[in-house]
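*Asks:* The sequence shown runs 0 to 121 under numbering that gives the first Met the number 0.
The beta carbon of each residue, even a glycine, is placed where N, CA and C say it ideally should be.
Okay, here's the structure, questions in a sec.
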Amino acid sequence: MLKDNDICNITMADIDIAHRLPNKNNTNREIIVRLVSRQTKGLILANRKKIRGTNIFINEDMTRLNLHVLMCVKKTIADEVSDAWFINGRIMFKSHMNKIQSVKFEDYEHWINLPSPNTTTK
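Next up, the structure:
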């Protein structure tokens, strides 16, 4: 499927292991893939925007903490952030002034404790 969408030409030699993950209803089961090379992973991640609008999603594996912080950053989109994403183990965001920044681990607590944009403080 990646080859069909011109994302990159990977071969079986590029894949260390791949299998489907179980889910409750056995439909649309996720596939987890461990690649032999970080270079191949980088190529796939760099070209994943080519499959937008399809039913294929390519995501990096994240810890619960990173996922929680990423969701908190995305919640502030209306106020400070125009976009947020996770790549190569880092949470990145683009400010409304088009400046791309990474969220440092020391700043995780700041992002987690921000109020949601739709809530008002009294």
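Pair every Cβ in the region 36 to 54 with every Cβ in the region 6 to 22, then say whether three or more of these pairs are closer than 8 Å.
*Replies:* Touching, per the Cβ criterion.
*Asks:* For the beta strand (DSSP E) that contains A83, what are its first and last residues?
*Replies:* Looking at the DSSP string, the run of the beta strand (DSSP E) that includes A83 is 80 to 86.
*Asks:* Any contact between the region 99 to 114 and the region 60 to 73? By contact I mean 3 or more CB pairs, one from each, below 8 Å.
*Replies:* At 8 Å Cβ cutoff, the stretches touch.
*Asks:* Roughly how many whole angstroms lie between the Cα atoms of I99 and K93?
*Replies:* Approximately 4 Å between the Cα atoms of the pair.
*Asks:* Can you give the beta carbon distance from A12 to I31, rounded, assuming they're within the 8 Å contact cut?
*Replies:* Between I31 and A12 the Cβ distance is about 18 Å, and since that is not below 8 Å, they are no contact.
*Asks:* Tell me where the alpha helix (DSSP H) around I43 begins and ends.
*Replies:* Element bounds for I43: 37 to 45.
*Asks:* Taking the continuous alpha helix (DSSP H) assigned at V102, which residues delimit it?
*Replies:* Careful: V102 lies outside any alpha helix (DSSP H) and carries neither H nor E.
*Asks:* Rounded to a whole number of angstroms, what is the C-alpha to C-alpha distance between K49 and K23?
*Replies:* Cα to Cα, the separation comes out at about 30 Å.
*Asks:* If you draw a straight line from the alpha carbon of D15 to that of K74, how long is it in whole angstroms?
*Replies:* Distance between the alpha carbons of D15 and K74 is about 36 Å.
*Asks:* In terms of residues, what are the limits of the alpha helix (DSSP H) holding R63?
*Replies:* Unbroken alpha helix (DSSP H) run through R63: 63 to 74.
*Asks:* Tell me the rounded alpha-carbon separation between K103 and G88.
*Replies:* Going from the Cα of K103 to the Cα of G88 covers about 11 Å.
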